[in-house]
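Participant:
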Amino acid sequence: MAELTTLASPLDVGGVKIRNRVFLAPMSGITDEPFRQRAHAHGAGLVVSEMVASGELAKGRAGCDLRIRHSGLPVHMVQLAGREAAHMAEGARIATGEGADIIDINMGCPAKKVTGGYAGSALMRDLDHALSLIEAVVGAVSVPVTVKMRLGWDESALNAPMLARRAEQAGVSMVTVHGRTRCQFYQGKADWRAIARVKQAVSIPVVANGDVGSPEEAATILERSGADAVMIGRAHYGAPWIAGSIASIAGGVSAPGIPHMPQALADYVVSHYEDMLSLYGIESGLRQARKHLGWYLDRHAADVSAEQRKAILTSFKPGEVVAELCRVFADGAHPDSLRSAA
Ligand SMILES: Cc1cc2nc3c(=O)[nH]c(=O)nc-3n(C[C@H](O)[C@H](O)[C@H](O)COP(=O)(O)O)c2cc1C
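Shown next as structure tokens:
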């Protein structure tokens, strides 16, 4: 797998050095600061903030500050969504004021509440408007600007190569392509070969994304797309170490910090839980943490009893949740299931 070793090498994104080519995808409601810090500590080459609505950011609305704040990682990359050039430019200025090293523009989100406002992947239906946003952001900040897109709106409009080429001409430093159309949402299989048409259209780095979760899949998406790097999203559910472990396997070294023993897994899950409570406060934090706890259970303690699962996922008492997590993960999880997940 010659492609796999490529993933261990650094990548230059508009002058910002990225340590390897296996990235954590931005996922709203998931890749918050505690999650990104873990992915980075495990060795992910690059992590990206959840998307931030530029209109909300420009108006100073509550909640945006947590999404854009600098978490102390070497490369701080903030993703903006929106449809108003002035808001996108102002959002980019605010994010760089908070220390962003790279600004990413979301042109891939398929959610109706985003595309209904003509943002996210809806921008792929009007490339002139998409370009006006790109130009506004590139003109507003001196850090590199990148764009994340899909293959197009639907099968009849696969215009990602055109958008990528125009974005490059406007000064964009890297594009990421999810190998699905907007109308596919998350259905079917990502088309890795279709990403090759974007790679052929530009000379800036292209990142391939969609349905990757193993070193073999990472090597195959690179081989089929000819892309320069890979971005991984949902495979991280219950396993924030996936990008880092693939980068480490590519480099022939062992990944830092993967919890291989039950007690280590228990400590890991509890510390993730506690970090979320301290970031969001107890009331909001314990609700937001539940999806992560559910994924940890699904992935590493599939035989947990229904009562224990319910207690963990519905309790409003953090002390009870922590005690139950320790019981389930320290006593019930199997190191074998951990190894296969790594
Ligand atoms: C819950 C969820 C939230 C997402 N949020 C964002 C986002 O904020 N910005 C973005 O560009 N993409 C977002 N995505 C898309 C992912 O970044 C990625 O492109 C997609 O999940 C395909 O990659 P995967 O198959 O590795 O998961 C999200 C995906 C999911 C499942």
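This note's numbering applies: residue 5 is where the sequence shown begins, and numbers increase by one.
Built from N, CA and C at the ideal position, the CB exists for glycine as well.
Fair warning: this is a prediction, and the values are worked out from it, not measured in the lab.
Taking the beta carbon of T35 as the centre, do at least 16 other beta carbons fall within 10 Å, making it buried, or is it exposed?
Facilitator: As a first step, residue 35 is located in the sequence shown; it is residue number 31 there, counting from the start. Its Cβ being crowded by 16 or more others within 10 Å, T35 is buried.
Participant: Buried or exposed for A223, please, with buried defined as at least 16 other CB atoms from any protein chain shown within 10 angstroms of its CB.
Facilitator: Taking the first residue of the sequence shown as 1, we reach residue 223 at position 219. With 16 or more Cβ atoms within 10 Å of its Cβ, A223 is classed as buried.
Participant: Name the two residues that bound the continuous beta strand (DSSP E) containing T180.
Facilitator: Here residue 180 is taken as the residue at index 176 of the sequence shown, counted from 1. Note, T180: beta strand (DSSP E), M178 to T185.
Participant: When you measure from the CB of M62 to every non-hydrogen atom of ligand 1, does any distance come out below 7 Å?
Facilitator: Here residue 62 refers to the residue found at position 58 of the sequence shown. According to the sequence as given, residue 62 is Ala; it is not Met. No, Cβ of A62 sits at least 7 Å from all heavy atoms of ligand 1.
Participant: Could you compute how far the alpha carbon of M55 sits from the alpha carbon of V308?
Facilitator: As a working note, residue 55 is residue 51 in the sequence shown. As a working note, residue 308 is residue 304 in the sequence shown. Their backbone Cα atoms lie some 34 Å apart in a straight line.
Participant: With H, G and I counted as helix, E and B as strand and the rest as coil, what does DSSP make of Q191?
Facilitator: Here residue 191 refers to the residue found at position 187 of the sequence shown. Reduced to three states, the DSSP call for Q191 is coil.
Participant: Might you give, ordered along the chain, the residues of its own chain that have their beta carbon closer than 8 Å to the beta carbon of A346, omitting 5 neighbours on each side?
Facilitator: Indexing the sequence shown from 1 puts residue 346 at position 342. Bear in mind that the predicted position of A346 carries a pLDDT of just 43, short of 50, making it unreliable; the figure below should be weighed with that in mind. Same-chain partners within the cutoff: A243, W245, S249, A259, I262 and H264.
Participant: Taking 7 Å as the cut-off, is the C-beta of C68 nearer than that to any heavy atom in ligand 1?
Facilitator: As a working mapping, residue 68 is identified with position 64 in the sequence shown. No; taking the cut-off as 7 Å, the Cβ of C68 has no heavy atom of ligand 1 nearer than that.
Participant: In the structure shown, what three-state DSSP assignment does D36 receive?
Facilitator: Walking along the sequence shown from the start, residue 36 turns up at place 32. Coil.
Participant: Just tell me which of G112, H296, E220 and V147 has its CA closest to the CA of A93.
Facilitator: Residue mapping note: residue 93 aligns to position 89 of the sequence shown, counting from 1. The shortest Cα separation from A93 among G112, H296, E220 and V147 belongs to V147.
Participant: Could you pull out every residue in the same chain whose Cβ sits closer than 8 Å to the Cβ of T119, ignoring the five residues on either side in sequence?
Facilitator: Here residue 119 refers to the residue found at position 115 when the sequence shown is read from its first residue. Same-chain partners within the cutoff: C113, S125, A126 and R186.
Participant: Measure how close the beta-carbons of V178 and I208 come, nearest whole angstrom, since I'm counting them as under 8 Å.
Facilitator: Taking the sequence shown and counting its residues from 1, the one referred to as residue 178 is at position 174. Taking the sequence shown and counting its residues from 1, the one referred to as residue 208 is at position 204. It is Met, not Val, that sits at residue 178 in the sequence shown. About 6 Å separates the two Cβ atoms, so the contact holds.
Participant: What residue range does the alpha helix (DSSP H) around D16 cover?
Facilitator: As a position in the sequence shown, residue 16 is number 12, starting the count at 1. Run containing D16: none in the alpha helix (DSSP H); it sits in the beta strand (DSSP E), L15 to V17.
Participant: Short check: CB of I199 to CB of S160, under 8 Å?
Facilitator: For the purposes of this step, residue 199 is taken as residue 195 along the sequence shown, with counting starting at 1. For the purposes of this step, residue 160 is taken as residue 156 along the sequence shown, with counting starting at 1. Cβ atoms of I199 and S160: not closer than 8 Å.
Participant: Hey, is P38 close to ligand 3, as in C-beta under 7 Å from one of its heavy atoms?
Facilitator: Here the bound small molecules are ligand 1; ligand 3 is not part of this structure.
Participant: Label W157 either buried or exposed according to how many other C-beta atoms from any shown protein chain fall within 10 Å of its C-beta, with 16 as the threshold for buried.
Facilitator: Residue 157 sits at position 153 when you count from the first residue of the sequence shown. Within 10 angstroms of the beta-carbon of W157 lie 16 or more other beta-carbons, which makes it buried.
Participant: Around the C-beta of D340, are 16 or more other C-beta atoms found within 10 angstroms, so that it is buried, or is it exposed?
Facilitator: Within the sequence shown, numbered from 1, the residue matching residue 340 stands at position 336. Confidence in D340 is poor, its pLDDT being 41 and thus under 50, which makes the residue's placement too unreliable to answer from.
Participant: In whole angstroms, give me the CA-to-CA distance for E311 and A45.
Facilitator: The residue given as residue 311 occupies position 307 in the sequence shown. The residue given as residue 45 occupies position 41 in the sequence shown. Put simply, the backbone Cα of E311 is about 33 Å away from that of A45.
Participant: In the DSSP assignment, the beta strand (DSSP E) including L28 goes from what residue to what residue?
Facilitator: Reading the sequence shown from its first residue, position 24 is the one you call residue 28. Looking at the DSSP string, the run of the beta strand (DSSP E) that includes L28 is V26 to L28.
Participant: Going by C-alpha to C-alpha distance, which of H74, N213, D130 and I109 sits closest to P175?
Facilitator: If you number the sequence shown from 1, residue 175 lands on position 171. Note that residue 175 corresponds to Gly in the displayed sequence, not to Pro. The shortest Cα separation from G175 among H74, N213, D130 and I109 belongs to I109.
Participant: Taking one C-beta from the region 135-146 and one from the region 78-93 each time, how about it: are there three or more such pairs within less than 8 Å?
Facilitator: yes
Participant: Beta carbon of M55: closer than 7 Å to some heavy atom of ligand 1?
Facilitator: Mapped onto the sequence shown, residue 55 falls at position 51. Answer for M55: yes, Cβ within range of ligand 1.
Participant: Starting from R348 and walking both ways along the alpha helix (DSSP H), at which residues does that stretch end?
Facilitator: Because the chain here runs from 5 to 346, residue 348 falls outside it and cannot be looked at.
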